[in-house]
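There are 2 protein chains.
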Amino acid sequence: MERDKESKDFLLKGDQTYLSHISVDSVIFGFHEDQLKVLLLKWKGSGQWCLPGGFVMKDEHLDDSAIRILKERTNMESIYLKQFQVFGDPQRERKKNEFLNLQGLTKNSWIMQRFITVGYYALVEFSKVTPEPDVLSVECKWWDIHKIPKLIYDHNSILATALDSLRRSLNDYPVGYNLLPEKFTMPELQTLYETILDKAIDRRNFQKKMLALGILERLKERKTGGAHKAPFLYRFDKKKYEKAMKQGLKFGF
Amino acid sequence: MERDKESKDFLLKGDQTYLSHISVDSVIFGFHEDQLKVLLLKWKGSGQWCLPGGFVMKDEHLDDSAIRILKERTNMESIYLKQFQVFGDPQRERKKNEFLNLQGLTKNSWIMQRFITVGYYALVEFSKVTPEPDVLSVECKWWDIHKIPKLIYDHNSILATALDSLRRSLNDYPVGYNLLPEKFTMPELQTLYETILDKAIDRRNFQKKMLALGILERLKERKTGGAHKAPFLYRFDKKKYEKAMKQGLKFGF
DNA sequence: AAATAATGTGTTTTTGTTACACAATGTAGG
DNA sequence: CCTACATTGTGTAACAAAAACACATTATTT
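From first to last, the protein sequence lines stand for chains A and B.
Here the first sequence is numbered in my numbering, starting from 73 and rising by one per residue.
Here the second sequence is numbered in my numbering, starting from 73 and rising by one per residue.
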């Protein structure tokens, strides 16, 4: 029950370590088997699912909190992270009663206060992630973006906003470097775009536009093993990709 | 000294009313004499300039805090407000010492704690605003966007981010309804766009594109009084404008 | 009354987007 | 082993949008 003591301490004494009233919630996107996935946690008590989240340490940069939380859940470094919105409805956690059966916890306890949460979304390479529950949860796993269950509080709404935000960003910034393995095929990249945009794109026009961005490098290898004609492998030119991320693109389907 | 008591109470006992560690800062844009303006406040103590800001009441929606703060500074209702970014660097207010000479205030006081601030920008009709200082400031006035002084903390950076955010939003949403008087000319609208984008736009192409959006109504009147040929007056079709705000546009120069 | 400076309008050129067709190739099944 | 199939690779024509550009009109100033 070492872990239980840890979570109890956290709930009772969190205000010694963390800022009050402020939390961070992350929508962690991955891409696997031609599907966009999101990493969710299952609560110890109620068994409900939620977004991975956490709190801001007293002297920690807000962005660093998001990075730390992500690292703890995915065991990964260097992930793409973007702050997309703050959720500040005083009623957003109105059914926060899952802790009240805990010894020593009252309505005035730190954790029972109102929290304003800062939403981040992350793009990670699915295969490199080993999902790991936090002290308050029993399970951590990927969910298909089309099959998300009812989540606690306003987390469904946060997730929807994150997806919308990611979608809009596709017109200004390239995507893929953080979601795909180092080497990938054009059809794979296209499926990623189609999945995020939830929209079919013409194969030839997609390739034309993508190559025109000048951030892709075609390798001499082809991807073998699959059925049918072997497609070429590509990889991102990191320098040019990052330049595109800084400057922004004009890119719209 | 009634006002001084008020500000002292605020600094010492703010934590009875407001959430700790969270503030709101607003970049209030106006448009006057073909220039984009920003409303700034001058501090009582140090005489430095800053963005209008405030705190979130314990049971208040974050957005409502921004609305309240704006109303207090501008005496205006129904302004366009947009949350654009959170600033969470623990060092962002590192030189917060303007209060320390206040009787009863210590380093542990509420106001001396670290604050994470949520940035909003507002678009308001210049002529309808009567700038009003808050309890902590002695002056409130418009500044030309190109002549902003050194502001406290990270407020210059917040302002720059707001402008950048507004600039980017021009590609997705129309602007003008909140910044211009009810009736305006095409050259005035164009100057607004040029000022925000800091870029010259072809007069004929601008008009073509604007009219194509279908959110403008040309009046029979012309604007008289100025030198040269009298331009037509236009006004926004409110319903169509709001529809465009909801749906978003494809609009880019 | 003429000069000036700004507005009103339309056409051409260029660029980008969309729609579409056929040849090439690796695997699976007979 | 050969054929059918599904998928990849490539190019072109039609269309739409953006950029470049010119001339007539009009209110004020000189």
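C-beta: ideal position from N, C-alpha, C; glycine also.
query                                                                                                                                                                                         : result
How close, in whole Å, do the beta carbons of A:T257 and A:F325 come, if the pair is a contact with beta carbons under 8 Å?                                                                   : Not a contact, Cβ separation roughly 19 Å.
Listed from N- to C-terminal order along the chain, which residues in the segment 201–213 of chain A have their beta-carbon within a distance smaller than 8 Å of any beta-carbon of chain B? : none
Do A:L195 and A:L251 count as a contact pair if the criterion is CB distance below 8 Å?                                                                                                       : yes
Going by DSSP, what residues sit across from A:W182 in a beta bridge?                                                                                                                         : DSSP lists no partner for A:W182.
In the structure shown, what three-state DSSP assignment does A:L91 receive?                                                                                                                  : strand
Just to confirm my understanding: we take B:N228, look at its own chain, exclude 5 residues before and 5 after, and list those with CB closer than 8 Å. What are they?                        : I220, K222
Could you give the residue range of the alpha helix (DSSP H) that holds A:S137?                                                                                                               : 134–146
I want to see whether chain B comes within less than 8 Å of A:I139, judged by CB atoms only; does it?                                                                                         : no
Could you spell out the range, first to last residue, of the beta strand (DSSP E) harbouring B:L153?                                                                                          : 152–159
Can you tell me whether DSSP reads A:E197 as helix, strand or coil?                                                                                                                           : coil
Looking at the C-beta of B:Q88, does it have a partner C-beta in chain A at a distance below 8 Å?                                                                                             : no
Within 10 Å of its beta-carbon, does B:G298 have 16 or more other beta-carbons around it, so buried, or fewer, so exposed?                                                                    : exposed
Assuming A:Y265 contacts A:L288 (C-beta within less than 8 Å), just tell me the rounded distance between them.                                                                                : Not really, about 13 Å apart at Cβ, beyond 8 Å.
Anything in the segment 161–173 of chain B with a Cβ closer than 7 Å to a Cβ of chain A? List those residues in chain order, please.                                                          : D161, P162
Closest Cβ-Cβ distance between B:Q155 and chain A: below 8 Å?                                                                                                                                 : yes
Which word fits B:L56, buried or exposed, when buried means at least 16 other C-beta atoms lie within 10 angstroms of its C-beta?                                                             : Only positions 73 to 325 of chain B appear in the structure, and residue 56 of chain B is not among them; the question remains open.
How long is the line joining the alpha carbons of A:D35 and B:S199, rounded to whole angstroms?                                                                                               : Nothing about residue 35 of chain A can be reported from this structure: the residues present for chain A run from 73 to 325 only.
Measuring only the C-alpha atoms, how far is A:I100 from A:L111?                                                                                                                              : 6 Å
Cα separation between B:E149 and B:E132?                                                                                                                                                      : 18 Å
How would you list, in chain order, the residues of chain B whose beta-carbon sits under 7 Å from the beta-carbon of A:H93?                                                                   : L91, S92, H93, I94
Classify A:R276: buried if its beta carbon has 16 or more other beta carbons within 10 angstroms, exposed otherwise.                                                                          : exposed
Just reading off the alpha helix (DSSP H) that A:Q279 is part of, what are its end residues?                                                                                                  : 275–284
At a CB-CB cut-off below 7 Å, which residues of chain B make contact with A:D131?                                                                                                             : P162
So what does DSSP say about A:L245, is it helix, strand or coil?                                                                                                                              : Per the sequence shown, the amino acid found at residue 245 of chain A is Tyr instead of Leu. If DSSP states are grouped into helix, strand and coil, A:Y245 belongs with coil.
The segment 182–201 of chain B: which residues have C-beta closer than 8 Å to a C-beta of chain A, in chain order?                                                                            : R186, I188, V190
According to DSSP, simplified to helix, strand and coil, what is B:R307?                                                                                                                      : strand
Would you call the segment 92–106 of chain B and the segment 312–320 of chain A in contact, with 3 or more CB pairs under 8 Å?                                                                : no
I want to see whether chain A comes within less than 8 Å of B:V99, judged by CB atoms only; does it?                                                                                          : no
Determine the contact status of A:F323 and A:A234, defining contact as a CB-CB distance below 8 Å.                                                                                            : no
A:S98 by DSSP, collapsed to three states: which one?                                                                                                                                          : strand
Cβ closer than 9 Å: which chain B residues qualify as neighbours of A:L285?                                                                                                                   : Near A:L285 there are no residues of chain B at all, since even the closest Cβ is about 17 Å away, more than 9 Å.
Would you please verify whether the beta carbon of A:L84 is less than 8 Å from any beta carbon of chain B?                                                                                    : no
Find out if the Cβ-Cβ distance for the pair A:F159, A:G119 is shorter than 8 Å.                                                                                                               : no
What residues in its chain sit with their C-beta under 8 Å from that of A:P253, if we drop five residues either side in the sequence?                                                         : E197, S199
Please classify B:E78: is it buried, with 16 or more other beta-carbons within 10 angstroms of its beta-carbon, or exposed?                                                                   : exposed
List, from N- to C-terminal side, the beta strand (DSSP E) runs of 3 residues or more that fit wholly inside the segment 224–271 of chain B.                                                  : none
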